[in-house]
Structures are given as structure tokens and as C-alpha cells.
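J.: Have a look at this one.
In C-alpha cells form, the structure reads like this:
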């Protein structure tokens, strides 16, 4: 699943480890999410979107694989 | 992860390890149990050191808590167990065929029992999980 986490994060000037700390996950998880290697749970997707002040659809691109 | 139950379990492994090691060295039991006891002592002490670090080092505590609650870590752990199961079953299946070809029927039977046992466990866990979720 594609997402705009890296784009939004850099726009806001937040580092990966800072975002990881805020969300209570490891920095590797943020890195994997940004690279599209790992799909988050609904809870984590919700937490990320909420932190960025956006909807889940604005951060994550749902496409049929 | 680093609660009092785990701490008690770590102490238990060390105590059991010491007992087995002494009985192995004094030949009350087969010396192989001495080696097994040594292994248990090592595991128990390693766990106790981690407990000590967790309770005294706030940085390590934060890191351990994050690693423990990280959903990707849990996903990776489940995936690794799943792959382990597949590899064991497929490996045992291949072993059955090879052992039958080379005429080791007794070992082939043991390997085939293992495959059957794993498949029965899979079926049971599938039924239990399907009722739960």
C-alpha cells in the first residue's frame, strides 16, 4: 500500500525517530512504512493520520493489488 | 515482558540449572544433564542481566518497551513462526521420501509421524482460532 508518510513527515520537519517515539513504534517500522514494505494496522494508520491532522485516505492510497 | 513472573522464572532456571549441573558433575545423573544444567544457568543469568538493565537503565527500558509493543515486531515474530512451521513440515516431508528411497523405513516412519502430528496441531489450532476470531 502506497502512502505519503515520508512526504508529510519531511514537510513538517520531523525525523523518523521522533515520529516513531510519538507513535510508540520503532524507527524501523516508520522506515518500512515509508518504503511500502510493511502495511500498518488500522490502529497505527489511524494514529499516524491523526498525528498529521489528516484523514486516513489523505495519508494512505488504497489500491487493489 | 520484564515483570516479576519472568524474574521468578529466570531465578527458577538458574536454580534448576545449578541442581542439574551439580548432579551431572557428581554423576548422580548422566553427565549430559550437567551440560544441560550449564545451559540453563547461562540462559537464566542472561535473563537476569536483562532484568537488571531494564530496572536500572531508563534508556534501555524505553527501548525494550517500544520493541515489545511495536506492531511490526509482533508481525515479524508471527511470520517467522509461520515460516518455521512450513519449513519443518516440508523438510520432514522431503526427509520421508529420501529415507524411504534409501531404505531407512524406521526413520521414515518417525518423520511421517512428525508430519502427521504437525498437520493435526495445525488443524486443531485453526479450529480453535476460527472460533475465537
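Residue numbers (the numbering used here), protein chains in the order written: chain A, 278 to 342; chain B, -18 to 114.
By construction, the Cβ of each residue, glycine as well, lies at the ideal position given by its N, Cα and C atoms.
1) List, in order along the chain, the chain B residues whose C-beta lies closer than 9 Å to that of residue 336 of chain A?
2) Is any non-hydrogen atom of the ligand PLP found closer than 7 Å to the C-beta of residue 96 of chain B, if you look at the structure I gave you?
3) Taking 8 Å as the CB-CB cut-off, is residue 313 of chain A touching chain B?
4) Assuming residue 321 of chain A is part of the alpha helix (DSSP H), what are its boundary residues?
5) Leaving out five residues before and five after residue 99 of chain B in sequence, what residues of the same chain have Cβ atoms less than 8 Å from its Cβ?
6) What residues in the stretch 32 to 54 of chain B bring their beta carbon closer than 8 Å to a beta carbon of chain A?
7) What does the Cβ neighbour count give for residue 11 of chain B, buried or exposed, with the cut at 16 atoms within 10 Å?
8) Which residues share a DSSP beta bridge with residue 338 of chain A?
9) Would residue 260 of chain A count as contacting chain B if we go by Cβ distances under 8 Å?
10) Between which two residues does the alpha helix (DSSP H) harbouring residue 36 of chain B extend?
11) How far does the alpha helix (DSSP H) with residue 91 of chain B in it extend, from its first residue to its last?
12) Sorted by chain position, which residues of the same chain lie with C-beta nearer than 8 Å to residue 336 of chain A's C-beta, five sequence neighbours on each side aside?
13) Once the 5 residues before and after residue -17 of chain B are set aside, which same chain residues still bring their CB inside 6 Å of it?
14) Would you mind sorting residue 83 of chain B into buried or exposed? The rule is 16 or more other CB atoms within 10 Å of its CB.
15) Since residue 318 of chain A meets chain C, which of its residues come closer than 9 Å, beta carbon to beta carbon?
T.: In terms of the structure at hand:
1) Correct list: empty, because the minimum Cβ distance to chain B is about 17 Å.
2) This structure does not include the ligand PLP; it has no bound ligands of any sort.
3) no
4) That run of the alpha helix (DSSP H) goes 319 to 329.
5) 66, 69, 70, 73
6) For the stretch 32 to 54 of chain B, which is checked against every Cβ of chain A, the residues closer than 8 Å are 47, 48, 50, 51, 52, 53, 54.
7) Flag for residue 11 of chain B reads exposed.
8) Paired residue(s): A:279.
9) The structure shown has nothing for residue 260 of chain A, since chain A only spans 278 to 342.
10) For residue 36 of chain B, the enclosing alpha helix (DSSP H) covers residues 12 to 37.
11) 86 to 113
12) 280, 281, 282, 285, 322, 325, 326, 329
13) Excluding residues within five positions, the ones whose Cβ falls inside 6 Å are 32, 35.
14) exposed
15) Chain labels in this structure do not include chain C; the protein chains are A and B.
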